[in-house]
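*Asks:* So the sequence shown is numbered by full-length UniProt numbering: it starts at 1 and just counts up by one.
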Amino acid sequence: MEQVAAVRDQVELTMRLLHHLRLDDKHGATTNLAFSPLSLHAALTLLASGAAGATREQIVAFLGPAGADAHTALASKEASTGVLACRRNAGCSNPEVRSAMAVWVDASTPPSPTPPPPCSRLPCAGNPAAASAEINEWFSSQTGGFVKDILSNSDDDGGAISASVFLASSLYFNAYWDHPFFPHLTEEGDFHVSPDHDVRVPFMAGSHQHGFMDVGCYPGFNVLRMMYRTGGAAGGNKMFAMYIYLPDDRDGLPELVRKLGSSPAAFLRKAIVPEQPVAVGELKIPKFEVSLKVVQVEASRLLRDLGLDLPFLPDDSFSGMLLDPPQGAPVSSLLHQCFVNVNEEGTMAAAGTVRVRSPAHQPWATQVTLGPIAATTLGSGPTVGEIMGFAMPDDQIVDFVADHPFLFFIVEEVSGLVVFAGQVVNPLLH
């Protein structure tokens, strides 16, 4: 039950982050968004494991009421998502899911007597630029090259390269649709960015036309679930899915976010779509590519606005990670980079998250190795249908035409974890 509660907390955190990112001046309601709740949750849990006192209590409270042990266990499972995806299909290559966490601590600051094994040191004393390059290379290698240069010499990163502690979480996802779209059927059409602004974008089509799909209809919005193939052939175990939440109104995305936020623990339950697939008339999904890099200023303000401020204040609250934490060395930056590409074949996505603590010294590196996932479900409770009212048309034929702004979520179906989330307001914007 603790893991069920932690998953609910992770879903709620997803909606809180999405809502606040939409309110942000730079990454707001008029831009495409993509982020990885799984990567962010893993990094926050790693940060909590190295914190102490009031700082640790605040981070745990921010993660949710499930508590520290439940969120630590969930982070362990998050880091082994790929194991879950393939463990029932020995030798499978689809989907390809890689997740890892790492810690780099200043060599001149004694680490905790019991840091997470195994440990290694980076040979870059007095050369923070080399340390930055090493960490960037780690992210690139972990994410297929899609997360790169997450640390730079830019002032926007708040002097991240001169930090003494780096807590990193990476995620790579590459999966094929269980029922792919046909590239020769992709054709341009109007996407309504706003009631008075249209753009021409490529819309995908395929064997789904006039077939059966998982679609749920609710007052004010529809939901489409598209499964990813697991194993070597279609029809195998389905472990991951993309959910597209499409408001009825072309300008209905803000209200949809508000509505989903009113019951975040329920909105991704399996009952969001009917138990039996429904007949689909017209199906149009735009191809899109979304990338996002949240640097220090926006990210730290985001967490402060959500009530997490103690990790950014100078104190000695990281005694769980450092034997003698330096005074005046708070978490100075939160860096998150995410990339999502959706096309006829499937989805490729990657994310990286770094928590940075100043000042600068040679890093001491710890690679965190975590165990396999145990299968869980979200458990009982009200579904979105019970809360918002299921409204399937009498004729049971549904059109799903995503020709105006929508939300998307990539979900691990067994546990309910949200792997990636975001919004598409204009498929032409990257």
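Each residue gets a CB set at the ideal place from its N, CA and C atoms; glycine is no exception.
Check for me: the beta strand (DSSP E) holding I135 runs from which residue to which?
*Replies:* On the sequence shown, residue 135 is found 135 positions in, with the first residue counted as 1. Unbroken run through I135 is the alpha helix (DSSP H), P128 to Q142; no beta strand (DSSP E).
*Asks:* I'd like to confirm the pairing. Which residues does DSSP put opposite E188 in its beta bridges?
*Replies:* For the purposes of this step, residue 188 is identified with residue 188 of the sequence shown, where counting begins at 1. Answer by DSSP bridge pairing, in chain order: P202.
*Asks:* Kindly indicate which three-state DSSP category M15 falls into: helix, strand or coil?
*Replies:* For the purposes of this step, residue 15 is identified with residue 15 of the sequence shown, where counting begins at 1. Helix, per DSSP.
*Asks:* For the stretch 169 to 178 against the stretch 252 to 261, are there 3 or more C-beta pairs whose distance is under 8 Å?
*Replies:* Judged by Cβ distances under 8 Å, the stretch 169 to 178 makes no contact with the stretch 252 to 261, as fewer than three pairs qualify.
*Asks:* Compute the beta-carbon to beta-carbon distance between S169 and A43, rounded to the nearest angstrom, for a pair I have assumed lies under 8 Å.
*Replies:* As a first step, residue 169 must be located in the sequence shown, where it is residue number 169. As a first step, residue 43 must be located in the sequence shown, where it is residue number 43. Contact holds; Cβ gap of about 4 Å.
*Asks:* H192 and D403: beta carbons closer than 8 Å?
*Replies:* Translated into positions along the sequence shown, residue 192 becomes position 192. Translated into positions along the sequence shown, residue 403 becomes position 403. Cβ atoms of H192 and D403: closer than 8 Å.
*Asks:* Can you pull the DSSP bridge partners for Q276?
*Replies:* Walking along the sequence shown from the start, residue 276 turns up at place 276. DSSP output for Q276 lists no bridge partner at all.
*Asks:* Could you check whether the Cβ of V97 sits closer than 7 Å to any heavy atom belonging to the ligand NAD?
*Replies:* By its list of ligands, the structure shown contains no ligand whatsoever, and the ligand NAD lies outside what it can speak to.
*Asks:* Below 8 Å on the Cβ atoms is my contact criterion, and I expect R229 with D178 to pass it. Report the Cβ-Cβ distance as a whole number of Å.
*Replies:* Here residue 229 refers to the residue found at position 229 when the sequence shown is read from its first residue. Here residue 178 refers to the residue found at position 178 when the sequence shown is read from its first residue. Indeed they touch by this definition, with Cβ atoms about 5 Å apart.
*Asks:* Tell me whether G261 sits in a helix, a strand or coil according to DSSP, three-state version.
*Replies:* Counted from its first residue, the sequence shown places residue 261 at position 261. Helix.
*Asks:* For my contact list, V354 and L167 are in at a C-beta cut-off of 8 Å; report their separation, rounded to the angstrom.
*Replies:* Position 354 of the sequence shown, counting from 1, holds the residue named residue 354. Position 167 of the sequence shown, counting from 1, holds the residue named residue 167. Confirmed, about 7 Å.
*Asks:* In angstroms, rounded to a whole number, what distance separates the CA positions of D9 and H430?
*Replies:* Residue mapping note: residue 9 aligns to position 9 of the sequence shown, counting from 1. Residue mapping note: residue 430 aligns to position 430 of the sequence shown, counting from 1. Roughly 30 Å separates the two Cα atoms.
*Asks:* Could you tell me the boundaries of the beta strand (DSSP E) in which I397 lies?
*Replies:* Here residue 397 refers to the residue found at position 397 of the sequence shown. Taken as a continuous stretch (DSSP letters only), the beta strand (DSSP E) holding I397 covers I397 to V401.
*Asks:* Tell me which same chain residues have a C-beta within less than 7 Å of the C-beta of G235, skipping the five on either side of it?
*Replies:* Residue mapping note: residue 235 aligns to position 235 of the sequence shown, counting from 1. In this prediction, G235 has a pLDDT of 48, which is less than 50 and means its spatial position is unreliable; what the coordinates show is noted afterwards. There are no such residues.
*Asks:* CA-CA distance, P363 and W104?
*Replies:* Position 363 of the sequence shown, counted from the first residue, corresponds to residue 363. Position 104 of the sequence shown, counted from the first residue, corresponds to residue 104. Only weak support is given to the placement of P363: the predicted model assigns it a pLDDT of 32, under 50, and the value that follows is read from those uncertain coordinates. Spanning the two alpha carbons is a distance of roughly 5 Å.
*Asks:* With H, G and I counted as helix, E and B as strand and the rest as coil, what does DSSP make of H71?
*Replies:* For this step, residue 71 is matched to residue 71 along the sequence shown. It is helical.
*Asks:* Can you find at least 3 beta carbon pairs, one from the stretch 134 to 148 and one from the stretch 195 to 205, that sit closer than 8 Å?
*Replies:* No, the stretch 134 to 148 is not in contact with the stretch 195 to 205.
*Asks:* Tell me whether the beta-carbon of Y245 lies closer than 8 Å to the beta-carbon of F406.
*Replies:* Along the sequence shown, read from residue 1 onward, the residue named residue 245 stands at position 245. Along the sequence shown, read from residue 1 onward, the residue named residue 406 stands at position 406. In contact: Y245 and F406 (Cβ atoms closer than 8 Å).
*Asks:* Ordered along the chain, which non-local residues of its own chain (more than five positions away) have a Cβ less than 6 Å from that of P277?
*Replies:* Position 277 of the sequence shown, counted from the first residue, corresponds to residue 277. Answer for P277: F212, M213 and D214, listed in chain order.
*Asks:* Which class does W104 belong to by DSSP, given the choice of helix, strand or coil?
*Replies:* Mapped onto the sequence shown, residue 104 falls at position 104. Of the three classes helix, strand and coil, the one that applies to W104 here is strand, per DSSP.
*Asks:* Give me the Cα-Cα distance between Q423 and L13, rounded to the nearest whole angstrom.
*Replies:* What you label residue 423 is simply residue 423 of the sequence shown in a count that begins at 1. What you label residue 13 is simply residue 13 of the sequence shown in a count that begins at 1. Near 16 Å, if we compare the C-alpha coordinates of L13 and Q423.
*Asks:* Can you tell which of V401, A351, L185 and V414 has the C-alpha that lies nearest to the C-alpha of N136?
*Replies:* Sequence index remark: in the sequence shown, residue 136 carries index 136 (1-based). Comparing Cα-Cα distances from N136 to each of V401, A351, L185 and V414, the minimum goes to A351.
*Asks:* With a Cβ-Cβ cutoff of 8 Å, do V411 and H19 count as a contact?
*Replies:* Against the sequence shown, residue 411 aligns to sequence position 411. Against the sequence shown, residue 19 aligns to sequence position 19. In this structure, H19 does not lie closer than 8 Å to V411 by Cβ.
*Asks:* Determine the burial state of R304: buried for a count of at least 16 other Cβ atoms within 10 Å of its Cβ, exposed for fewer.
*Replies:* As a first step, residue 304 must be located in the sequence shown, where it is residue number 304. Result: exposed.
*Asks:* I need the straight-line Cα distance from A73 to Q3, nearest angstrom please.
*Replies:* As a first step, residue 73 must be located in the sequence shown, where it is residue number 73. As a first step, residue 3 must be located in the sequence shown, where it is residue number 3. Straight-line Cα distance between these residues: approximately 7 Å.
*Asks:* Use the C-beta contact count for R56: other C-beta atoms within 10 angstroms, 16 or more gives buried, fewer gives exposed.
*Replies:* Indexing the sequence shown from 1 puts residue 56 at position 56. When all chains shown are included, R56 counts as buried.
*Asks:* Quick check: N32 and N426, are their CB atoms within less than 8 Å of each other?
*Replies:* Taking the first residue of the sequence shown as position 1, residue 32 is located at position 32. Taking the first residue of the sequence shown as position 1, residue 426 is located at position 426. In contact: N32 and N426 (Cβ atoms closer than 8 Å).
*Asks:* Based on the DSSP secondary-structure assignment, which residues constitute the bridge partners of F35?
*Replies:* Position 35 of the sequence shown, counting from 1, holds the residue named residue 35. DSSP output for F35 lists A421 as bridge partner(s).
*Asks:* When we look at the beta-carbon of I285 and count the other beta-carbons within 10 Å, is it buried (16 or more) or exposed?
*Replies:* On the sequence shown, residue 285 is found 285 positions in, with the first residue counted as 1. Its Cβ being crowded by 16 or more others within 10 Å, I285 is buried.
*Asks:* Please identify the residue among S36, S99 and F409 whose C-alpha is closest to the C-alpha of L260.
*Replies:* One-based indexing of the sequence shown puts residue 260 at position 260. Comparing Cα-Cα distances from L260 to each of S36, S99 and F409, the minimum goes to F409.
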